[in-house]
Amino acid sequence: MKHTVALVGGDRRLARDLAAACAALEAELVELASVEAPEGDALDPDLVVVRDRAFAAARVRWPSAGAIIFGPAADSGQVIEAIKHGAIDCIVTPATPESLARQLREALRVSRGIQMPVVAQEPEARPSRRVDEIVGQSPAMKQVYKLIGLIAPRDINVLITGESGTGKELVARAILQHSPRRTRAFLAVNCAAIPETLLESELFGHERGAFTGADARRIGKFEQCDGGTIFLDEVGDIPLPTQAKLLRVLQEQAFQRLGGSATIRTDVRIIAATHQPLEKLIAERRFRQDLYYRLKVATIHVPPLREREVDAVLLAHYFVTRYAADFGAGIQSFSPEVLPMLLRYPWPGNVRELENTIKAALVMARGSVMLPEFLPEHIRSWRGDSATPSVSPANEAMIAAHAPATPGGIDDALGEWSRSLIGRGDLEGRVMEHAVAQVEREVLLAALRESRGRIAPAARRLGVSRATLRRKMEEHGIQIGPSA
343 MKHTVALVGG DRRLARDLAA ACAALEAELV ELASVEAPEG DALDPDLVVV
393 RDRAFAAARV RWPSAGAIIF GPAADSGQVI EAIKHGAIDC IVTPATPESL
443 ARQLREALRV SRGIQMPVVA QEPEARPSRR VDEIVGQSPA MKQVYKLIGL
493 IAPRDINVLI TGESGTGKEL VARAILQHSP RRTRAFLAVN CAAIPETLLE
543 SELFGHERGA FTGADARRIG KFEQCDGGTI FLDEVGDIPL PTQAKLLRVL
593 QEQAFQRLGG SATIRTDVRI IAATHQPLEK LIAERRFRQD LYYRLKVATI
643 HVPPLREREV DAVLLAHYFV TRYAADFGAG IQSFSPEVLP MLLRYPWPGN
693 VRELENTIKA ALVMARGSVM LPEFLPEHIR SWRGDSATPS VSPANEAMIA
743 AHAPATPGGI DDALGEWSRS LIGRGDLEGR VMEHAVAQVE REVLLAALRE
793 SRGRIAPAAR RLGVSRATLR RKMEEHGIQI GPSA
């Protein structure tokens, strides 16, 4: 049976690429100007591709259809809300034809097995950008957003895994913000930062005289958090005796204060996180297997920054915007040389290391452009396995869409960058060569973005042959998809 896909409010570029994807999948594409378009009255689509702000209306009009939202810079909040309210996926425009085809194929497969419930209310309005917002547009992070959207509304325990510094607490707070308990108490406990002898008292409280120095009754976190959510960070560091008490809370929603005999009831959602492999701790008999399975009703893995493609650059822009005023810095843009440095470095400390790096750079910064010399030396000098990472035109476009605006204009930024080159001792005698190469690379990327990676129109725009363009791309380490 031939599937019908409705595109609501899309531009010509998206319509063209979506039509090609539909043709490959033997599906019919119907274009509508808006959700209210009269042509939609007789339409019973299998899948609706709709702009994020019209998602709720589309759900009401076509309740049995699957849905994909699209937008130029869908952030974590938008994706989580859409998934929570029934969307299958999110397209960040501009998207490559390959990724569109892949997303469309998967969405049609999923839509065959779902029946979306009708809800009359609009999804909650997206708040303005929060200081604790998750930032990232890589496929790995989009998968995290989807899982948050699916898990948050369900009152189940969650285990978040990932290396140190990846942002596990941000994921926990995102789950809270999109959960039914969002207006209730939220307490975060770093189990690794509290001595073993005090952790049980911190979590469950104690009675007066329970131990030396217990001069008064103490109310623990589980009692304080009744009706809310508790985040147990580094849960793998909880000692075995305290694990047994935590297991009882999970099984019976009850516990006793240290030194007490009264049973205290509590209604708490537990979100736990760890950077350790709990399966290994179980094998070493350092973590209870029954507790492990109680905690991991649902699991979210937060990928390390080195596996998140261009997210390092997006995060760098975000941290500059967030902290520049605090450090009295006037940074408004990044020089072309900084981008490959951020992408090349492996960030062993993940997002936390990047955040601290940008703070340190802002302390050193002068002028309006972030220059290489403002970055720590170990990041500037890092080479790793390859000297120059390649950046696809699609990822360059994504970076540009998230970059902070430059009120001073391109002339100010270019002037600042040019002055910095003249003053660099390591470029003595080859400033012109270096500057021309940097500018040439940016022009090539701009032309390829405009042509969506197609060689022939990009070459015509630049006034060079296709062979010359390909040679220049190779010189500058620019790669495009196989369809180019």
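In our numbering, the protein residues as written are 343 to 826.
All C-beta atoms in this analysis are idealised placements derived from N, C-alpha and C, irrespective of residue type, glycine included.
- Here DSSP, grouped into helix, strand and coil, assigns Q674 to coil.
- Secondary structure note for V513: its alpha helix (DSSP H) is the uninterrupted segment K510 to Q519.
- Between V350 and A801, the alpha-carbon positions lie close to 33 Å from each other.
- Taking each of E542, A658 and F661 in turn and checking the Cα distance to E565, the smallest one comes out for E542.
- When rounded, the separation of the alpha-carbon atoms in V773 and L489 is 49 Å.
- A direct Cα-Cα distance of roughly 20 Å separates P645 from P682.
- DSSP places F629 in no alpha helix (DSSP H); its state is neither H nor E.
- Take D579, set aside five residues on each side of it, and the residues of its chain with a beta-carbon closer than 7 Å to its own are C533 and A534, in chain order.
- Distance check between K587 and each of S406, P495 and R636 places R636 closest, using alpha-carbon atoms only.
- Per DSSP, E373 lies in no alpha helix (DSSP H); the unbroken beta strand (DSSP E) holding it starts and ends at E370 to L374.
- For V773, the enclosing alpha helix (DSSP H) covers residues V773 to E792.
- With a cut-off of 8 Å on Cβ pairs, the stretch 435–454 is in contact with the stretch 406–415, counting three or more such pairs.
- The residues R630, D632, L633 and R636, in chain order, have a CB closer than 7 Å to that of L589 in the same chain once the five nearest residues on each side in sequence are set aside.
- Rounded to the nearest whole angstrom, the C-alpha separation of Q485 and E505 is 17 Å.
- Secondary structure at D609: coil, using DSSP grouped into helix, strand and coil.
- Separation of G419 and G491 (C-alpha to C-alpha, rounded to the nearest whole angstrom) is 9 Å.
- Between the C-alpha atoms of A798 and R813 there is a straight-line separation of about 14 Å.
- Burial check for A443: the Cβ neighbour count within 10 Å reaches 16 or more, so the residue is buried.
- For the set P690, S723 and R515, the Cα lying nearest the Cα of E475 is the one of R515.
- Under the three-state reduction of DSSP output, Q598 falls in the strand class.
- Taking all protein chains in view, the Cβ of A789 is crowded by 16 or more other Cβ atoms within 10 Å, so the residue is classified as buried.
- Here F553 is exposed. Its C-beta has fewer than 16 other C-beta atoms within 10 Å.
- Excluding five sequence positions before and after H548, the CB atoms of its chain that fall closer than 6 Å to its own CB belong to A556, R560, R599, L600 and G601, given in chain order.
- H659 sits buried, since 16 or more C-beta atoms from the chains shown fall within 10 Å of its C-beta.
- Sorting I517, G570 and Y487 by C-alpha distance to the C-alpha of T525 places G570 at the top.
- For G507, same chain residues with a beta-carbon under 7 Å away, outside a window of 5 residues either side, are G691, N692, V693, R694 and E695 in chain order.
- In the displayed model, C533 falls within coil according to three-state DSSP, outside both helix and strand.
- In the three-state reduction of the DSSP assignment, H659 falls in the helix class.
- Taking all protein chains in view, the Cβ of W724 is surrounded by fewer than 16 other Cβ atoms within 10 Å, so the residue is classified as exposed.
- In the structure shown, A800 falls within a helical segment according to DSSP collapsed to helix, strand and coil.
- Taking a C-beta distance under 7 Å as the contact criterion, L450 and A363 do not qualify as a contact pair.
- Apart from sequence neighbours up to five positions away, the residues of its chain that approach E697 with a beta-carbon distance below 7 Å are F661, ordered along the chain.
- Linking E594 to Q479 through their CA atoms gives a straight-line distance of about 40 Å.
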